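The structure under discussion appears below in the form of C-alpha cells.
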Amino acid sequence: MASTIDRLGTDELVNIFEYLPPEDIMRTRLNKKMRDAAKKTSVPMTDFVVDSVIKYDAMAAMTTALPHLQQIGISYLHEEGHKYSDGDDPYERLAANTADLTTHDTQLLSNFKWLRSLDICYRPLNGRFPFLFNFTLLHKLNTSGCCYLNWDLESLAGLPQLKELFCTGNESLTGNINSLRVLKDTLAMVDISDCPHVAGNFMDLADFPHLKCVDLSCTAVTGDIRDIGKQSFQTLELLLLPSGVYGGTGYEFQRISDAPDVVMAVYSIHKQRPSLLKDWYGKLSKDSPDWYDGEDDFVGVDTAPLYIAFVEAGSRVGYRWESANDVPNPCEVNWLDPEPHRECIGYEEYTEELQEIEGQVDIYRGFHQPPTEEQYTRLWAA
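In this note's numbering, the protein residues as written are 59 to 440.
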C-alpha cells in the first residue's frame with residue numbers, strides 16, 4: 059500500500075482528497091507529500107461543525123493543514139467553562155457573566171479564505187466581528203438565532219458571491235434591505251425573519267433576477283403589495299411579508315369594513331401566483347373601534363372571529379373570519395370565485411371540500427363578517 063501511495067504525485071493525491079471529508083484528510087497526512095497535497099485540496103462541501111473543544115482544536119490545525127476548507131459550522135461549545143472570544147462592542151452583561159470562562163479565538167475562522175458555506179447558529183458569538191464579512195467566495199451565510207451577533211446589512215457588501223442568506227432571529231441585526239442590492243445578481247434565498255431592527259421597502263428586491271424565497275416576516279419592513287406588478291419578483295416562489303406591509307402576513311385592519319379591499323389585493327396576486335403569499339392571514343387591530351375582547355374566561359381561549367384567512371374548495375377560493383384557535387369558530391365563507399360547473403373536472407372533490415368547510419360553521423352561521431360585540435355576547439350567552 060505504501061509503495062502505491064509513494065508512486066502517486068501531489069496532484070493525484072489532491073484529486074483523491076477532494077472526495078474525503080476534512081477529518082479523514084487530516085488523518086491521512088502521513089508524510090510531507092500528503093501534507094502538501096492536503097494544503098492544495100479544495101475540501102468537499104461536508105458538514106464540519108465546531109461544537110466542542112476537541113473540534114475547535116481540529117479547526118485550529120486545519121487553518122494551516124486544510125486552508126481550502128469550503129464549509130464550516132460554529133455552534134456552542136458543549137463543555138462547561140468554555141466560550142468563543144467576544145468581538146467588538148459585545149453585550150456587556152453577557153461579556154461580564156462569561157468573563158471567567160476559557161476563551162477560544164474566534165478570529166481563527168478568518169484563515170479559511172476559500173469558504174463557500176458558513177453556519178453560525180444558536181448564539182455562540184457576542185459582539186461585532188468584521189472579518190465574518192470578508193469571505194469573497196462565500197455562497198451561503200447562516201447566522202440564525204445569533205441574537206448577540208452585532209452586525210448591519212451593509213456588511214454584506216464584503217460577500218460579493220453570496221447566494222443564500224439566513225439570519226432569522228438576529229435581534230441585534232440592523233440596516234435597510236436596500237443594502238441587499240449589491241447582491242442583486244447572486245441572491246436566491248433570503249430569510250431575515252424575526253429581525254425587528256431591519257427596515258426598508260420590500261419592493262427594493264422586486265427586480266432581483268434569481269430570487270426564489272424571501273421571508274421578511276416580523277421585521278420593520280414596509281411597502282404595499284398593490285405595487286407588485288407583472289415584472290416584479292419573476293422568479294420568486296415564496297414571499298412572506300411582515301404586518302407593516304399593506305397586505306402583508308398578519309396585516310391589521312383598522313375597521314372590519316377595510317378587510318374586503320385588502321383581501322382583494324392579496325387575492326389578485328394569489329390568483330396569478332398561488333404560492334407567492336402562502337399562509338396569509340389578517341386580523342382586526344386591537345386599536346380598532348370594532349374590536350372587542352372575545353376571550354372565554356372559562357376555557358381561556360379567544361372565541362371572537364376577528365382573524366381572516368383564505369379557504370379553498372377545489373380550485374375555488376374564498377375568505378372567512380375566524381378566531382385564533384385550533385377550533386377556529388368560523389363565520390360563513392365569502393367566496394371570491396364562482397362555483398364551478400357540475401361537468402368540470404374536480405367538481406366532486408370541490409363538493410366534498412365545500413361540505414367540510416360548511417360543516418365547520420356553527421355559532422356564527424349566517425354571519426359573513428364578525429358580529430358586533432352586542433351580538434357576540436348574546437350568541438355566547440344562549
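A virtual CB, placed ideally from N, CA and C, is assigned to each residue, including glycine.
As the structure is a computational prediction, the values presented were derived from the model and not from experiment.
Please report the distance separating the alpha-carbon of T99 from that of G308.
Start at 1 with the first residue of the sequence shown, and residue 99 comes out as number 41. Start at 1 with the first residue of the sequence shown, and residue 308 comes out as number 250. About 49 angstroms.
Between Y325 and the rest of its own chain, which residues show a CB-CB distance below 6 angstroms, the 5 nearest in sequence each way excluded?
Here residue 325 is taken as the residue at index 267 of the sequence shown, counted from 1. If we look at Y325 and ignore the five residues flanking it on each side, its Cβ neighbours are L394.
T400 classed as buried or exposed, judged by whether at least 16 other C-beta atoms fall within 10 angstroms
Reading the sequence shown from its first residue, position 342 is the one you call residue 400. With the sequence shown as reference, residue 400 is identified as Arg, and Thr is not the correct amino acid for it. Exposed, since its Cβ has fewer than 16 Cβ neighbours within 10 Å.
When V272, D252, L214, L196 are compared against F170, the one with the closest alpha-carbon
Taking the first residue of the sequence shown as 1, we reach residue 170 at position 112. Comparing Cα positions, the closest option is L196.
Where Y365 falls: helix, strand or coil (DSSP):
Position 307 of the sequence shown holds residue 365. Look at Y365 here: in three-state DSSP terms it is strand.
Measure how close the beta-carbons of R239 and Y206 come, nearest whole angstrom, since I'm counting them as under 8 angstroms.
For this step, residue 239 is matched to residue 181 along the sequence shown. For this step, residue 206 is matched to residue 148 along the sequence shown. Approximately 27 angstroms separates the beta-carbon atoms of R239 and Y206; this is outside 8 angstroms, ruling out the contact.
Go through its chain and collect everything with a Cβ distance to C179's Cβ below 8 angstroms, but skip five positions before and after it.
Mapped onto the sequence shown, residue 179 falls at position 121. The beta carbon of C179 sits closer than 8 angstroms to the beta carbons of G131, I132, S133, N200, T201, S202, G203, C204 from its chain, once the five residues preceding and following it are set aside; these are given in chain order.
If you compare alpha carbons, which of A278, L220, F266 is closest to C253?
One-based indexing of the sequence shown puts residue 253 at position 195. The residue from A278, L220, F266 with its alpha-carbon nearest to that of C253 is A278.
Just how far apart, CA to CA, sit A439 and K242?
Here residue 439 is taken as the residue at index 381 of the sequence shown, counted from 1. Here residue 242 is taken as the residue at index 184 of the sequence shown, counted from 1. The straight-line gap from Cα to Cα measures roughly 57 angstroms.
DSSP puts M120 in a beta bridge; with which residues?
Here the question's residue 120 lines up with position 62 in the sequence shown. For M120, which the question treats as bridged, DSSP gives no partner whatsoever.
Which same chain residues, not among the five before or five after L412, have their C-beta less than 7 angstroms away from its C-beta?
Reading the sequence shown from its first residue, position 354 is the one you call residue 412. Counting only Cβ-Cβ distances below 7 angstroms, and skipping sequence neighbours, we find A371.
So what does DSSP say about V391, is it helix, strand or coil?
Looking up residue 391 in the sequence shown gives position 333. Three-state DSSP puts V391 in coil, outside helix and strand.
L12 - DSSP class collapsed to helix/strand/coil:
Residue 12 cannot be examined here, being either before or after the span of the chain that is shown, 59 to 440.
Selected residue, minimal CA-CA separation from D158, among V359, G139, E390
Within the sequence shown, the letter at position 100 stands for residue 158. Nearest to D158 by C-alpha distance, out of V359, G139, E390, is G139.
Rounded to whole angstroms, what's the CA-CA distance from R93 to T68? Just pull it up for me.
On the sequence shown, position 35 is the one that residue 93 refers to. On the sequence shown, position 10 is the one that residue 68 refers to. Cα-Cα distance, rounded: 9 angstroms.
Quick check on DSSP: helix, strand or coil for K141?
Locating residue 141 in the sequence shown gives position 83, counting from the first residue. Three-state DSSP puts K141 in a strand.
When you compare only the Cα positions, how much space is there between S230 and K221?
In the sequence shown, counting from the first residue as 1, residue 230 sits at position 172. In the sequence shown, counting from the first residue as 1, residue 221 sits at position 163. Going by the C-alpha atoms only, they are around 22 angstroms apart.
Does the Cβ of K378 have 16 or more other Cβ atoms within 10 Å, making it buried, or fewer, making it exposed?
For the purposes of this step, residue 378 is taken as the residue at position 320 of the sequence shown. It should be noted that the sequence gives Arg, not Lys, for residue 378. Under this definition R378 is a buried residue.
What residue from K141, S381, T430 has the CA that sits closest to Q418's CA?
As a working note, residue 418 is residue 360 in the sequence shown. It is S381 whose Cα lies nearest to the Cα of Q418.
Could you tell me the alpha carbon to alpha carbon distance between G216 and H126, rounded to whole angstroms?
The count along the sequence shown starts at 1 and reaches residue 216 at position 158. The count along the sequence shown starts at 1 and reaches residue 126 at position 68. So the two alpha carbons sit approximately 19 angstroms from each other.
Determine the burial state of Q129: buried for a count of at least 16 other Cβ atoms within 10 Å of its Cβ, exposed for fewer.
Sequence index remark: in the sequence shown, residue 129 carries index 71 (1-based). Buried, since its Cβ has 16 or more Cβ neighbours within 10 Å.
Minimum length 4: unbroken alpha helix (DSSP H) runs contained in the segment 293 to 356
Counting whole runs of 4 or more residues, the segment 293 to 356 contains the alpha helix (DSSP H) stretches 317 to 330.
Can you give me the Cβ contacts of F291 inside the same chain, cut-off strictly under 6 angstroms, excluding the 5 residues immediately before and after it?
As a working mapping, residue 291 is identified with position 233 in the sequence shown. A264, listed in sequence order.
Nearest by alpha-carbon distance to V248: which of K198, T409, W209, G233 is it?
Counting from one through the sequence shown, the residue named residue 248 turns up at place 190. Comparing Cα-Cα distances from V248 to each of K198, T409, W209, G233, the minimum goes to K198.
Output the distance between the C-alpha atoms of D115 and D351, rounded to the nearest integer angstrom.
As a first step, residue 115 is located in the sequence shown; it is residue number 57 there, counting from the start. As a first step, residue 351 is located in the sequence shown; it is residue number 293 there, counting from the start. Rounded to the nearest angstrom, the two C-alpha atoms are 57 angstroms apart.
Quick one: using the 10 Å Cβ neighbour count with 16 as the cut-off for buried, is R151 buried or exposed?
As a first step, residue 151 is located in the sequence shown; it is residue number 93 there, counting from the start. Residue environment for R151: exposed (fewer than 16 other C-beta atoms within 10 angstroms of its C-beta).
Could you pull the start and end residues of the beta strand (DSSP E) that L220 belongs to?
Position 162 of the sequence shown, counted from the first residue, corresponds to residue 220. In the DSSP assignment, L220 falls outside any beta strand (DSSP E) and carries neither an H nor an E.
Just to confirm my understanding: we take L299, look at its own chain, exclude 5 residues before and 5 after, and list those with CB closer than 8 angstroms. What are they?
The residue labelled residue 299 in the question sits at position 241 within the sequence shown. Excluding five sequence positions before and after L299, the CB atoms of its chain that fall closer than 8 angstroms to its own CB belong to F260, L274, S275, V279, G281, I283, G305, G306, T307, L335, given in chain order.
Does D147 pass the burial test, meaning 16 or more other C-beta atoms within 10 Å, or should it be called exposed?
The count along the sequence shown starts at 1 and reaches residue 147 at position 89. Its Cβ having fewer than 16 others within 10 Å, D147 is exposed.
Classification of K344 by the beta-carbon crowding that lies within 10 angstroms, buried from 16 upward
Taking the sequence shown and counting its residues from 1, the one referred to as residue 344 is at position 286. K344 counts as exposed, since fewer than 16 other beta carbons sit within 10 angstroms of its beta carbon.
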